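Step one of this worksheet: look at the structure below.
Numbering (mature numbering (1 follows the signal peptide of the UniProt record, and there is no 0)), first residue to last: -21 to -1, 1 to 976.
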């Protein structure tokens, strides 16, 4: 028999001991996090029976409580973070969104105990993370329902868990907003309930398409609000699922093929794709024959556009809001068997795309049609063949919608006819029905019978029996206006009127041959529809009168409009429901037609604009308008100024417009704050003014480099506050432009060169590049000889620093604020001819240039270059040099202030960088002073000095090398004040001397 070495025995016991130490369930807690126990305590929550466990409250190897059979609370006396070990029978932890759910921080080890359930285990533990490297023993467990619900910090892998015994995973990760770990290794073959499993798991997007879900019966809300989930799950076997209710509700990114799913067991598809904005897959092969509810199934499934005509919906009873706002869906479903449906409330509400024949539907069991076609702008079908025997509710059925005169007539006539042979049992009574703005003519008798005999209350667009003639509008008498609260006034302008009015659009014309304005009192305040026929060449609110009382244009009629200028200017409540278009063949102007019509947002793209020459201010202040206008023929328009001013919603493609006749685009897109459409191909060769065209068009950034602006004289403020504009326009021919005032003011992103521009005709450059902080391109070659004002031209521009010394500014009178707060600019302007300048106020305020450049600027401005064409050194100038300091320019500065009466504010004299006046001697004295013929200097050392005598004009009138104690003769100089300047080895001294006889 072999002997086992003692060290192996010891190693064995050590290993066994360590293995034993790894069996505990270990967690960490923070006592003073929110909870129901005190701030120094924790409570371990349990549920049910089967517990007999020991607790080591500090995980120090010493167990403190033994044989615990339920929940237990421990007080540490001191608040802090503690690690707890549990051994023994501990079948489940059970926070269930209660107790000390906020105190537990982590699971460090699952241990070897068998879990009988994970249901509600960590529900609500918002601080929980799982650092455990092992996995829990779930062999006795069947439920992980709500295990990590609302565990918003949890995002660790649990892919190795053995889930083979689990039957419930409902709500397991609901509200676990950080969780995004693989789960593809899970065996979920026994799970029956996956409802709400990933509800609001907003980070989850892992592939789980390999799961065996063949046992699942409920997927209700499974991916609701899982806002980024978009994984292929089309191969799942869902044949056992009975409810898919709200499965993809607000799963806004989900768009995967599901066409192969077997949904034959399903009874509930309620809200399945509700708010699944992007879902657009073919599911026409689904067997939905067992489904009883499709309530909200495709509500706001905005992209869904596949056919559904193969569906057997014969078992469905509830179709409420089924296709509401599914704007892309427009397929024939007229073959559906809807005979068991009882509610179609809002079924197509707000669906702007659907327009299919539903006349064959058997709706005999439907009781609720409320809101069914609310705001369905495309739907135009007759429903007259429907058996409405069971209907009790048609409230606001077509509100904010309308169907054609013919279809509405046929609908009213059909509903008023009792077809007993076809199975109809009654014409229902007491119905409140809203037909929207639909109008009737032939259906008048049927409508009258429904209201009189069957007590219906019907709201619609009223009677209209000559749809080719009348101009029809609606009004609200007690809205603000100049007439009384029971009256309205129809406004006109000029001559050419001879019209008749039907004040209630009832077919009876009340006033005939009217030739101007007319006021009508209804005696009772309310909303009324007015019909006009005859010669009515223009309506003319012009921001006055009863502008707020008019609500809508229901029909333009056949009359010829001589003008649309100012027609609805100021009509803030106006909408245009008319399906026809106005006859503008005699009109030339639509100027201000819809200015400040803040509610107006209906299509007028079909208007024939070919005769119009003025569209200025047409949509100014129409803050809701955003409709296509690309079909307009604007080839004769000359004035588009202010056209979209403050049209803050407008962003439609109009790049195909022929604008070759336009001469003014002044303020055209000013404050059109979202407009950013390509218009670079426009022929703008006739435009003379682009003033403020893109002022505060803060999103606009389209190429305009190919524009021919050769006719333009006015670019004032063209890109003022166009923050994002940054396109190359260096090829523009601006040779005719006279004003560039504010052109790029606060064009924050503009950075392209402009050196090719011929600005020789420009007279006004005020604030041109102010605050254009990205612009730092050379423009020193510009011919600015005709410019008279450069006020604030570069003010607050923190990027610009280019040489401007060659500029001919001889005609500039105003340089006020020109370089205010220009933190980068540092150039000499001494070469400038400032003969014409009258204003240099605040020119460099809050700015400065270097000592050398400021000296050269002062010296240059103090020098009269008559050969170069300078005519004078201007007098009486107030100049602000900011914090610039001078040294060598001192004499020039003194001359400007003394002889030319300048008032100069700057940083003062500073010769420190040149060691100015740093002489070794204690004091330099020039004597005699005043002097007659010669003077001597004492206090110098024996060096040789360069001595200059300078007059008040800054001119050197005498220069010599000077040695100590040698008299200097000035006998030939005229009487007056001079400056003696001594210079040697970077040391300079200047002394004033007076010459007198």
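Where is the CB? At the ideal position from N, CA and C, for every residue including glycine.
Just so we're clear, the structure is a prediction, and the values are computed from it rather than from any experiment.
If we ignore side chains and look at the alpha-carbon of each, how far apart do residue 307 and residue 352 end up? 16 Å
If you reduce the DSSP assignment to three classes, tell me which class residue 933 lands in. coil
Can the beta-carbon of residue 784 be found closer than 7 Å to that of residue 751? no
Assuming residue 578 and residue 541 form a contact by the criterion Cβ under 8 Å, report the distance between their Cβ atoms to the nearest whole angstrom. No, residue 578 and residue 541 are not in contact; Cβ-Cβ is about 26 Å, not under 8 Å.
Please state the DSSP three-state secondary structure of residue 895. Unreliable positioning characterises residue 895 in this predicted model, as indicated by a pLDDT of 39, which lies under 50. A coordinate reading is not provided.
What is the DSSP secondary structure of residue 874, reduced to helix, strand or coil? helix
CA nearest to the CA of residue 880, picked from 617, 364, 229, 931: 931
Between 57, 2, 582, 183, which has its C-alpha nearest residue 10's C-alpha? 57
Taking the C-alpha atoms as reference points, what is the distance between residue 897 and residue 787? Note that residue 897 scores a pLDDT of 45, beneath 50, so its modelled location is shaky; the value from the coordinates is reported in the next line. Going by C-alpha positions, residue 897 is about 40 Å away from residue 787.
Let's test the definition: count the other Cβ atoms within 10 Å of the Cβ of residue 561 and tell me whether it reaches 16, buried, or not, exposed. Burial is judged here by how many other beta carbons sit within 10 angstroms of a residue's own beta carbon; residue 561 has at least 16 and is buried.
Which of the three DSSP states is assigned to residue 208 in this structure? coil
Is there contact between the segment 35 to 43 and the segment 71 to 86, where contact requires at least three CB pairs shorter than 8 Å? no
To which residues does DSSP link residue 927 through a beta bridge? Beta-bridge partners of residue 927 (DSSP): 938, 960.
Cβ-based neighbour list, residue 360, same chain, cut-off 8 Å, excluding 5 preceding and 5 following: 334, 335, 336, 337, 338, 382, 386
Would you mind giving the Cβ-Cβ distance between residue 522 and residue 495, rounded to the nearest angstrom? I have them listed as a contact below 8 Å. Not really, about 19 Å apart at Cβ, beyond 8 Å.
With DSSP run on the structure shown, which of helix, strand or coil describes residue 60? strand
Chain-order list of residues whose beta-carbon lies under 6 Å from that of residue 439 (same chain, five-residue window excluded): 414, 417
Inter-stretch contact (C-beta, 8 Å, three-pair minimum) for the segment 550 to 560 and the segment 526 to 540: yes
For residue 728, which residues in the same chain have their Cβ closer than 7 Å to its Cβ, ignoring the five residues on either side in sequence? 702, 703, 704, 705, 753
For residue 349 and residue 373, believed in contact at Cβ under 8 Å, the rounded distance: Between residue 349 and residue 373 the Cβ distance is about 7 Å, and since that is below 8 Å, they are a contact.
In terms of residue numbering, what span does the alpha helix (DSSP H) encompassing residue 393 cover? 384 to 394
Classification of residue 776 by the beta-carbon crowding that lies within 10 angstroms, buried from 16 upward: buried
Under 8 Å by Cβ, that's how I've got residue 860 and residue 804 pegged, so tell me the actual separation to the nearest angstrom. No, residue 860 and residue 804 are not in contact; Cβ-Cβ is about 13 Å, not under 8 Å.
Beta strand (DSSP E) containing residue 46: first to last residue? 44 to 47
Assuming the contact rule is C-beta atoms closer than 8 Å, residue 7 and residue 60 should be a hit. Round their C-beta distance to whole Å, please. 6 Å
For residue 88: DSSP bridge partner residues: 5
Quick check on residue 839: does DSSP put it in helix, strand or coil? helix
Which complete beta strand (DSSP E) runs does the segment 647 to 671 hold, if anything under 3 residues is left out? Entirely contained in the segment 647 to 671, not one beta strand (DSSP E) run reaches 3 residues.
Closer than 6 Å: residue 904 CB and nearest the ligand ZN heavy atom: In the structure on display, the ligand ZN does not appear, and there are no ligands present to speak of.
Take the Cβ of residue 325 as the centre, count every other Cβ of all protein chains shown within 10 Å, and call the residue buried at 16 or more, exposed below. Buried, since its Cβ has 16 or more Cβ neighbours within 10 Å.
Backbone CA spacing between residue 293 and residue 368 [nearest angstrom]: 19 Å
When you compare each of 745, 708, 678, 655 to residue 696 by their alpha carbons, which one comes out closest? 745
Along the chain, where does the alpha helix (DSSP H) that runs through residue 423 open and close? 423 to 431
So for residue 73, helix, strand or coil by DSSP? Judged by DSSP in its simplified three-state form, residue 73 adopts coil rather than helix or strand.
Opening and closing residue of the beta strand (DSSP E) in which residue 601 lies: Here residue 601 belongs to no beta strand (DSSP E), and DSSP marks it neither H nor E.
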